[in-house]
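Residues 217 to 348 in the numbering used here are what the sequence shown spells out, letter by letter.
We put the CB at the ideal spot given by N, CA and C, even for glycine.
The structure appears right after this line, and notes come after that.
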Amino acid sequence: MTEPDETSRKAEKQTRLKIEQYITLAEKLSLYLEPIPFSGIDEESLVRLRFTDSQYPGFSTPIDKIITRMEQEGIKITFGTHPGSGNVYVLPYLSNDIENDSISPRHLKLSVDMDEVLKSLILANKASQKVP
């Protein structure tokens, strides 16, 4: 086996482990029976989400309405149709509408007093979005 093949295998294994860890964090959070306090939306993300709303009006629930619901209801973490894929969504607690009411964990604002598992999920999601 050549060195590039070995390096590639190690990188694949590391990526697979990161996805498994991310899914494990999301599974823990998805089992919470109470709403998770909403810490807000990261400012940079909010600008992008509002821009997307303006470009595609009516495509999904406007982000400001989602924020209002999250402030009132709290949030929950849920998976898409195939949990093993790593598709994780943040929804207002009383919603099950992944298509229209969801945001990605990376859009949440980090706060000092937030749930540590949620904080780890947000950081893992942000790290997975960085392009080397």
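**OP:** Have a look at S344, Q345, V333 and A343 and flag the residue whose alpha-carbon is nearest the alpha-carbon of T240.
**Re:** V333
Original post:
Anyone know if the C-beta pair for I293 and Y248 falls short of 9 Å?
Top reply: yes
**OP:** Please classify F254: does DSSP put it in a helix, a strand, or coil?
**Re:** coil
Original post:
What separation, rounded to the nearest whole angstrom, lies between the Cα atoms of G274 and D329?
Top reply: 35 Å
Original post:
Can you give the Cα-Cα distance for E260 and K325, rounded to whole angstroms?
Top reply: 10 Å
**OP:** In angstroms with no decimal places, state the Cα-to-Cα distance between E236 and Q271.
**Re:** 34 Å
Original post:
Taking just the CA atoms, how far does E222 sit from S276?
Top reply: 44 Å
Original post:
Measuring CA to CA, which of E228, L262, A227 and F295 is closest to L337?
Top reply: F295
Subject >> DSSP bridge partner residues for L324 (one or two, in chain order) >> reply: I257
Original post:
DSSP three-state call for P273: helix, strand or coil?
Top reply: coil
Original post:
Hey, I252 and G300: beta-carbon distance below 9 Å or not?
Top reply: no
Subject >> Rounded distance between the beta-carbons of E228 and F254, thought under 8 Å >> reply: 36 Å between Cβ atoms; not a contact.
**OP:** For Y305, name the three-state secondary structure that DSSP assigns.
**Re:** strand
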